[in-house]
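First the structure, in the form of C-alpha cells, and then the observations on it.
Number of protein chains: 2
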Amino acid sequence: METRELRYFVAVAEELHFGRAAQRLGIAQPPLSRAIGQLERRLGVPLLERNSRGVTLTEAGAVLLREARAALDAVEAAERRTRRAAAGQAGLVLVTKAGASTELLSKLLAAYAAEPDAAPVDVILCGIGEQGRLLRDGRADVALLHRPFDSSAGLDTEELTTEAQVAVLPAGHPLTTAARLRLSDLQNVADLPLPSWPKSDGTYPDGPGPRVRDNTQLLQLIALGRCAAALPESCRAHLNADVAAVPLVDAPLVTTLIAWPPHSRSRALAALVRTATRL
Amino acid sequence: METRELRYFVAVAEELHFGRAAQRLGIAQPPLSRAIGQLERRLGVPLLERNSRGVTLTEAGAVLLREARAALDAVEAAERRTRRAAAGQAGLVLVTKAGASTELLSKLLAAYAAEPDAAPVDVILCGIGEQGRLLRDGRADVALLHRPFDSSAGLDTEELTTEAQVAVLPAGHPLTTAARLRLSDLQNVADLPLPSWPKSDGTYPDGPGPRVRDNTQLLQLIALGRCAAALPESCRAHLNADVAAVPLVDAPLVTTLIAWPPHSRSRALAALVRTATRL
DNA sequence: CGCCGGCGATACCTCCCGGGTATCGTTGCG
DNA sequence: CGCAACGATACCCGGGAGGTATCGCCGGCG
Numbered sequence: 311m312e313t314r315e316l317r318y319f320v321a322v323a324e325e326l327h328f329g330r331a332a333q334r335l336g337i338a339q340p341p342l343s344r345a346i347g348q349l350e351r352r353l354g355v356p357l358l359e360r361n362s363r364g365v366t367l368t369e370a371g372a373v374l375l376r377e378a379r380a381a382l383d384a385v386e387a388a389e390r391r392t393r394r395a396a397a398g399q400a401g402l403v404l405v406t407k408a409g410a411s412t413e414l415l416s417k418l419l420a421a422y423a424a425e426p427d428a429a430p431v432d433v434i435l436c437g438i439g440e441q442g443r444l445l446r447d448g449r450a451d452v453a454l455l456h457r458p459f460d461s462s463a464g465l466d467t468e469e470l471t472t473e474a475q476v477a478v479l480p481a482g483h484p485l486t487t488a489a490r491l492r493l494s495d496l497q498n499v500a501d502l503p504l505p506s507w508p509k510s511d512g513t514y515p516d517g518p519g520p521r522v523r524d525n526t527q528l529l530q531l532i533a534l535g536r537c538a539a540a541l542p543e544s545c546r547a548h549l550n551a552d553v554a555a556v557p558l559v560d561a562p563l564v565t566t567l568i569a570w571p572p573h574s575r576s577r578a579l580a581a582l583v584r585t586a587t588r589l
Numbered sequence: 311m312e313t314r315e316l317r318y319f320v321a322v323a324e325e326l327h328f329g330r331a332a333q334r335l336g337i338a339q340p341p342l343s344r345a346i347g348q349l350e351r352r353l354g355v356p357l358l359e360r361n362s363r364g365v366t367l368t369e370a371g372a373v374l375l376r377e378a379r380a381a382l383d384a385v386e387a388a389e390r391r392t393r394r395a396a397a398g399q400a401g402l403v404l405v406t407k408a409g410a411s412t413e414l415l416s417k418l419l420a421a422y423a424a425e426p427d428a429a430p431v432d433v434i435l436c437g438i439g440e441q442g443r444l445l446r447d448g449r450a451d452v453a454l455l456h457r458p459f460d461s462s463a464g465l466d467t468e469e470l471t472t473e474a475q476v477a478v479l480p481a482g483h484p485l486t487t488a489a490r491l492r493l494s495d496l497q498n499v500a501d502l503p504l505p506s507w508p509k510s511d512g513t514y515p516d517g518p519g520p521r522v523r524d525n526t527q528l529l530q531l532i533a534l535g536r537c538a539a540a541l542p543e544s545c546r547a548h549l550n551a552d553v554a555a556v557p558l559v560d561a562p563l564v565t566t567l568i569a570w571p572p573h574s575r576s577r578a579l580a581a582l583v584r585t586a587t588r589l
C-alpha cells in the first residue's frame with residue numbers, strides 16, 4: 311500500500327463523500343473513486359458501503375481508518391525527524407496542555423537549561439489530548455501528560471508528580487464556603503454544569519456543559535460563572551480573584567508524566583528526562 | 311513520501327550498496343539511484359555519502375532508516391489488520407519466545423478458553439526480541455515479554471508475574487554443587503561462556519559465547535556443556551536431567567508482561583488481558 | 001408521474017514518471 | 001596503464017495517475 315492510497319482512503323472515510331474528499335485532496339472525483347476501488351480490489355476487502363446517497367464505512371474500513379492514520383503519522387514523523395536531524399543540532403520541542411503544570415514546567419526548563427550542553431527547548435501549548443498526536447507525527451519530541459486524562463498509549467513515560475484535585479468555582483458561589491467537597495457535590499449543581507472536553511477524534515460528547523479545549527478557556531468560563539470544574543491542586547498557584555478552589559476529597563489523583571515516542575535516542579532528550587525525574 | 315521511496319531507502323541503507331539493494335528490490339540499479347536522489351532532493355537532505363567504493367549513511371540517513379522501518383511496519387500492520395478484520399471474526403494471535411513462560415502460557419490459554427465467547431488463540435513462538443516487531447507490523451495481537459530482556463517501547467503492558475533467576479549449568483559441573491551462586495561466579499567460568507543474544511537489529515555482539523536465538527537452543531547448548539546461562543526460575547519446571555539449576559542471589563528479578571499494540575480495542579484482546587491479570 | 005439534482009461509476013484521453021538498457025566518470029588495484 | 005567495480009547519467013518505453021465528459025441510480029418535489 312502506498313501512502314497516497316492511505317491518504318485518499320482517510321479523506322473519503324472522514325468526509326464520507328467522494329466529492330468533498332476529492333476537493334480536499336486537490337484532485338477530481340473520478341480518479342479518487344478509481345483509486346479507492348483499486349485499493350479494495352487489491353486488499354480483497356470492501357471498505358465502504360455505497361448507498362447511492364453518501365457512503366458509510368464497513369467494519370474493515372473502520373479498522374483501516376484507524377491504522378492508516380497511525381501509519382500516516384509515522385511517515386510524517388519520519389520526514390520531519392529526518393529534516394530536523396539534518397538541520398543542524400536543533401533543540402527539543404516540548405508540548406503540554408495550555409494552562410497545565412506551568413510551575414512544574416518552568417522549574418523543569420530552568421533546571422534543564424542549567425545543565426551542561428543543554429539543547430534549546432521550544433515549548434508548544436496545545437489543547438487537551440493533542441500531545442500524543444504531536445509526538446507521533448514528529449512535531450514534538452517530549453510532552454507533559456496528566457493521567458488519567460491523557461492517554462499515554464504507545465509512548466514511553468516517567469512519572470513526575472502526583473497530586474489531589476480541587477473544585478474550581480466562581481468566586482462568591484455558595485459552595486466556596488465549604489471546607490471540602492465531594493465529586494457528587496460538584497455534579498449536582500444546577501446552575502454550574504461541568505465542562506465537556508473533546509474526545510480523541512476532536513468531537514464533543516452530547517451534554518449540557520460548555521465546550522472547552524484547554525485550561526485557559528476553562529478558567530475564563532468559570533470566572534464568568536458559566537461552569538465549574540475539577541482540576542489538579544497545582545492550578546491554585548495561578549488562579550486569580552475571580553475564581554475559588556475547594557479541596558475535593560474523593561476525586562482521583564492526577565499524575566503528571568513526561569512522555570516521549572519510543573525509540574528516541576537523542577542524548578538531549580535523555581538529559582531532559584533525567585532532569586525531570588530529579589526535580 | 312511514498313512507501314515505495316521508504317522501502318527503496320531502507321534497502322540501500324541496509325545493504326550499503328546500490329547494486330545489491332536493487333537486486334533485493336527486484337529492480338535495476340539506475341532507477342534506484344534516481345529514486346534515492348529524488349528523495350534527497352525533495353527532503354533537501356543528503357542521506358548517503360557516496361565514496362565511489364560503497365556507501366555510508368549520514369546522520370540524517372540513520373534517523374530516516376530508523377523512522378522508515380517504523381513507518382513501514384505501521385503500513386504493513388494497517389494492511390494485515392484490515393484483511394483480518396474482513397476475514398470474519400478471526401481469533402487472536404499470541405506471540406512469545408520459544409521456551410519461555412510455558413506453564414504460565416498454558417494456564418492463560420486454558421483460563422481464557424474457559425471464558426464465555428472466547429476467541430480462538432493462535433500461538434506463535436519467535437526468537438528473542440522479535441515480539442515487538444510482530445506486534446508492530448500486525449502479525450500478532452498480543453505478546454508475553456520478559457523485562458528487563460525485552461523492550462516494551464511503544465506497547466501497552468500489564469505486569470503478570472515477577473520471579474528470581476537461576477543459573478542453568480550442565481549436569482555434573484562443579485558449580486552445581488553450590489547451594490547458591492552470584493552472577494560473578496557465573497561470569498568467570500573459563501570453560502562455560504555465557505551465550506550471546508542478538509541485538510535488536512538481528513546482529514550479534516562480539517564476544518566468546520555461542521550465539522543463540524531462543525531458550526530451546528540455549529538449553530540444548532547447556533546440556534552439551536558448551537555454555538551456562540541465567541534464566542527465570544520458572545524454567546526449572548521443564549529442565550531435563552542433562553542440566554542443573556542453582557539459585558542466583560544477585561541477578562535482577564524478571565517480570566513477565568502481557569503486551570499489545572496501543573489503540574487495540576478488540577473485546578477479545580481485552581478479555582484475554584483481563585484473564586491474564588487475574589491468574 | 002416525470003423532471004431535476006446530487007452522487008458515485010465508467011469511458012476515454014493525456015502526459016508524467018517509474019522502470020528498463022546502454023553508457024559514462026571515478027577510483028582503487030594489479 | 002588497463003581493468004573492474006560502482007554509482008550517475010542519458011535516453012526510451014509503457015503503465016498508470018489524473019483530467020474531462022458522461023452515464024446510471026435514486027430521492028425529492030412540483
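Quick mapping for you: the protein sequence lines, in order, are chains A and B. Under the numbering used here, the first residue of the first sequence is numbered 311, with each subsequent residue one higher. Under the numbering used here, the first residue of the second sequence is numbered 311, with each subsequent residue one higher. Beta carbons: idealized from backbone N, C-alpha and C, even for Gly. In this text the structure is predicted, and so the values were computed from the model without any measurement.
Worksheet item: Considering residue 417 of chain A, what are the terminal residues of the alpha helix (DSSP H) in which it resides?
Response: In this chain, the alpha helix (DSSP H) harbouring residue 417 of chain A covers 412 to 423.
Discussion item. Could you compute how far the alpha carbon of residue 377 of chain A sits from the alpha carbon of residue 381 of chain B?
Written reply: 11 Å
Worksheet item: What separation, rounded to the nearest whole angstrom, lies between the Cα atoms of residue 457 of chain A and residue 471 of chain A?
Response: In a straight line, the C-alpha of residue 457 of chain A is about 10 Å away from that of residue 471 of chain A.
Worksheet entry | Within chain A, partners of residue 437 of chain B - CB distance below 7 Å | Within chain A, no residue comes near residue 437 of chain B; the closest Cβ sits about 20 Å away, beyond 7 Å.
Practice prompt. For residue 463 of chain A, decide whether its Cβ has a neighbour in chain B, counting only Cβ atoms nearer than 9 Å.
Written response: yes
Discussion item. Would you say the beta carbon of residue 474 of chain A is closer than 8 Å to some non-hydrogen atom of the ligand SAM?
Written reply: This structure lacks the ligand SAM; in fact it carries no ligand of any kind.
Worksheet item: In whole angstroms, what separates the C-alpha of residue 557 of chain A from that of residue 443 of chain B?
Response: 46 Å
Practice prompt. Determine contact between the region 417 to 428 of chain A and the region 484 to 496 of chain A, defined as no fewer than three beta-carbon pairs at a distance below 8 Å.
Written response: no
Worksheet entry | Straight-line Cα distance separating residue 394 of chain B from residue 360 of chain A | 22 Å
Worksheet entry | Cβ-based neighbour list, residue 385 of chain B, same chain, cut-off 7 Å, excluding 5 preceding and 5 following | 313
Worksheet entry | Helix, strand or coil at residue 537 of chain A according to DSSP, with G and I counted as helix | coil
Fill in: Inter-residue spacing [alpha-carbon to alpha-carbon] between residue 576 of chain A and residue 487 of chain A
50 Å
Discussion item. I'd like to know if residue 363 of chain A contacts chain B, where contact means its C-beta is closer than 9 Å to some C-beta of that chain.
Written reply: no
Worksheet item: For residue 401 of chain B, which option in B:581, B:554, B:459 and B:328 has the closest C-alpha, if you only look at C-alpha atoms?
Response: B:581
Discussion item. I want to verify the contact list: residues of chain A whose CB lies under 7 Å from the CB of residue 373 of chain B, in sequence order.
Written reply: 391, 392 and 395
Practice prompt. For residue 441 of chain B, I'd like the list of residues in its chain whose CB is within less than 8 Å of its CB, leaving aside the five on either flank, ordered along the chain.
Written response: 405, 406, 407, 450, 453, 454, 455, 460 and 569
Worksheet item: Considering only the beta carbon of each residue, do residue 515 of chain A and residue 538 of chain A sit closer than 9 Å?
Response: no
Worksheet entry | Exposed unless 16 or more other CB atoms sit within 10 angstroms - verdict on residue 389 of chain A | buried
Practice prompt. Let me know the secondary structure DSSP gives residue 495 of chain B once reduced to three states.
Written response: helix
Worksheet item: Whose CA, out of B:320, B:490, B:387 and B:338, lies closest to the CA of residue 374 of chain B?
Response: B:320
Practice prompt. Please state whether DSSP places residue 468 of chain B in a helix, a strand or coil.
Written response: strand
Item to complete: Look up residue 355 of chain B in the DSSP assignment and say whether it is helix, strand or coil.
Response: coil
Practice prompt. My understanding is that residue 478 of chain B touches residue 532 of chain B, with C-beta atoms under 8 Å, so please give their C-beta distance in whole angstroms.
Written response: 6 Å
Item to complete: Return the residues of the region 330 to 359 of chain B that lie within a Cβ-Cβ distance of less than 8 Å from chain A, sorted by chain order.
Response: 353, 354, 355, 356 and 357
Worksheet item: What residues of chain A sit near residue 314 of chain B, judged by a beta carbon separation below 8 Å?
Response: Close partners of residue 314 of chain B in chain A (Cβ separation under 8 Å): 312.
Discussion item. Please give me, in chain order, every unbroken run of the beta strand (DSSP E) with length at least 3 that falls completely inside the region 500 to 580 of chain A.
Written reply: 539 to 542, 553 to 557 and 564 to 570
Worksheet item: Residue range of the alpha helix (DSSP H) that residue 313 of chain A falls in?
Response: 313 to 325
Fill in: Given residue 392 of chain B as reference, the closest of A:350, A:396 and A:333 once Cα atoms are compared
A:350
Discussion item. Is there a Cβ of chain B sitting closer than 9 Å to that of residue 256 of chain A, yes or no?
Written reply: The structure shown does not extend to residue 256 of chain A, since chain A is modelled only from 311 through 589, so no value can be given for it.
Worksheet entry | DSSP three-state assignment for residue 341 of chain B, whether helix, strand or coil | helix
Worksheet item: In chain B, which residues lie less than 7 Å from residue 572 of chain A when you measure between Cβ atoms?
Response: 463 and 464
Discussion item. Give me, in chain order, the residues of the same chain whose beta-carbon lies closer than 8 Å to that of residue 525 of chain B; leave out the 5 immediate sequence neighbours on both sides.
Written reply: 407, 408, 409, 410, 541 and 545
Discussion item. Once the 5 residues before and after residue 554 of chain B are set aside, which same chain residues still bring their CB inside 6 Å of it?
Written reply: 479, 481 and 486, listed in sequence order.
Worksheet item: For the beta strand (DSSP E) that residue 367 of chain B lies in, which residues bound it at each end?
Response: 365 to 367
Worksheet item: What does residue 540 of chain A touch in chain B if you count any residue whose Cβ is under 9 Å from its own?
Response: The premise fails here: residue 540 of chain A is roughly 26 Å from chain B at the closest Cβ pair, so nothing lies under 9 Å.
Discussion item. My output table needs one value for residue 360 of chain B: the three-state DSSP class, helix, strand or coil.
Written reply: strand
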